[in-house]
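>
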Amino acid sequence: MPLVSVVMPVHNSAATLGASVRSVLAQTHTDVELLVTDDASTDGSMDLLRDFARQDERVRPQAAPEQGGAARARNLAMERARGEYVGFLDSDDMWLPEKLERQLAFAAEGDAPLTFTSYYKVDGDYTGEARDFTPNGRVVAARDRVTYKDMLVQDHIGALTAMYDRAALGTRLMPDMPKRQDYALWLSIMRDGHAARGLREPLAVYRAGRAGSLSSNKLSLVEHNWRLYREHEHLSVPRSTLALSGAVWHSLRKSRI
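Add 39 to a position in the sequence shown, counting from 1, and you land on the number used in our numbering.
(1) In terms of alpha-carbon separation, which member of L274, R184, P100 lies closest to S157?
(2) With a threshold of 16 other CB atoms inside 10 Å of the CB of P40, please say whether the residue is buried or exposed.
(3) Helix, strand or coil for R2 per DSSP?
(4) Quick one: grab the DSSP three-state call for F145.
(5) Please list the segments of the alpha helix (DSSP H) lying wholly inside the region 56-114, counting only runs of 4 or more residues, in order along the chain.
(6) Specify the secondary structure class of A243 as computed by DSSP and reduced to three states.
(7) Could you tell me if R93 is buried or exposed, where buried requires 16 or more neighbouring beta carbons within 10 angstroms of its beta carbon?
(8) Just grab the DSSP bridge partners of D162 for me.
(9) Assuming G237 contacts A181 (C-beta within less than 8 Å), just tell me the rounded distance between them.
(10) Since F155 contacts A116 with CB under 8 Å, what's their CB separation in whole angstroms?
(11) Three or more beta-carbon pairs under 8 Å between the region 99-111 and the region 135-155, yes or no?
(12) Going by DSSP in three states, P217 sits in which element: helix, strand or coil?
(13) Between which two residues does the beta strand (DSSP E) holding D204 run?
(14) Using the C-alpha atoms, what's the distance from G209 back to A282?
(15) Taking 8 Å as the threshold, find out whether the region 164-179 comes into contact with the region 214-226 through three or more Cβ pairs.
(16) Tell me whether F206 is buried or exposed, calling it buried when 16 or more other Cβ atoms sit within 10 Å of its Cβ.
(17) Starting from G126, follow its DSSP beta bridges and name the residues at the other end.
Written out as structure tokens, the structure is:
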């Protein structure tokens, strides 16, 4: 059985998918499976995934029965997970080669079943490979430790760096939400009394400002954060308002990096 199950949702990502997949297969820690769900792509993404699967048995693609969005695609992958740990990577981001090796060692040292790392930001039109990436100084730094209270004000966890201990938590699926489903998952884990630990070292590369990205429209996140606070976390109106104010401020500050 693989130690780490990597979850990747794909929808019309042929232009960036190859670099993302190669960044997983090139990890110095090789005991992984890459669980990819193709969410009804029409650009040849599934054909590319089948090619990777023929070359490396660690790549395990699956076609979704119908287009259902990122949360359903990720959940279909997680339901097939066999690893002790579950990590996340979108099909337009990349991991640096030592990401898993460093994070697994870090996770083994602590008592938190959810860990994350710092990461680099690059422009959306970046076309390089992870193995050739040169540090650019645009780093989103991870906090050492994050609690549920911290997370209500700001999502401190970059989904492309997150990894949870499936042996400790079981298989934890994402709520079926159009946006912020990863944020909701981290909150649900921490609401159960678990903290998250952050590794300061930047070990992933995030393409910022991508056309069609779920996070490209900051204003739309106001509505989705509000629904998250009220419907998923069941917070009061005053508490939701306070959390939303902090989230908007942090989002604007983060976008300047």
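Virtual Cβ for every residue (Gly too), placed ideally from N, Cα, C. Only a predicted model underlies this, so the values are computations on that prediction, with no experimental measurement involved.
Working from what's here:
(1) Within the sequence shown, residue 157 is the residue found at index 118, counting from 1. Ranking L274, R184, P100 by Cα distance to S157 puts R184 first.
(2) Within the sequence shown, the letter at position 1 stands for residue 40. In the sequence as presented, Pro is not what sits at residue 40; that position holds Met. The residue in question, M40, is exposed, as its Cβ has fewer than 16 Cβ neighbours within 10 Å.
(3) In the structure as shown, the chain starts at 40 and stops at 296, and residue 2 therefore has no counterpart that could be examined.
(4) Along the sequence shown, one-based indexing puts residue 145 at 106. Three-state DSSP puts F145 in a helix.
(5) 84-94
(6) The residue you call residue 243 lines up with position 204 of the sequence shown. A243: strand per DSSP, three-state reduction.
(7) For the purposes of this step, residue 93 is taken as residue 54 along the sequence shown, with counting starting at 1. It counts as exposed.
(8) The residue labelled residue 162 in the question sits at position 123 within the sequence shown. Looking at the DSSP assignment, D162 forms a beta bridge with A247.
(9) Within the sequence shown, numbered from 1, the residue matching residue 237 stands at position 198. Within the sequence shown, numbered from 1, the residue matching residue 181 stands at position 142. Going by Cβ atoms, the distance from G237 to A181 rounds to 3 Å, so yes, they are a contact pair.
(10) The residue you call residue 155 lines up with position 116 of the sequence shown. The residue you call residue 116 lines up with position 77 of the sequence shown. F155 to A116, Cβ: 19 Å. No contact.
(11) no
(12) As a position in the sequence shown, residue 217 is number 178, starting the count at 1. Here P217 sits in coil by DSSP.
(13) If you number the sequence shown from 1, residue 204 lands on position 165. From DSSP, the beta strand (DSSP E) with D204 extends over 202-204.
(14) Position 243 of the sequence shown, counted from the first residue, corresponds to residue 282. Position 170 of the sequence shown, counted from the first residue, corresponds to residue 209. Near 29 Å, if we compare the C-alpha coordinates of G209 and A282.
(15) no
(16) Residue 206 sits at position 167 when you count from the first residue of the sequence shown. For the record, residue 206 in the displayed sequence is Ala; it is not Phe. Exposed, by the Cβ-count rule.
(17) Locating residue 126 in the sequence shown gives position 87, where the first residue counts as 1. Paired residue(s): V45, M202.
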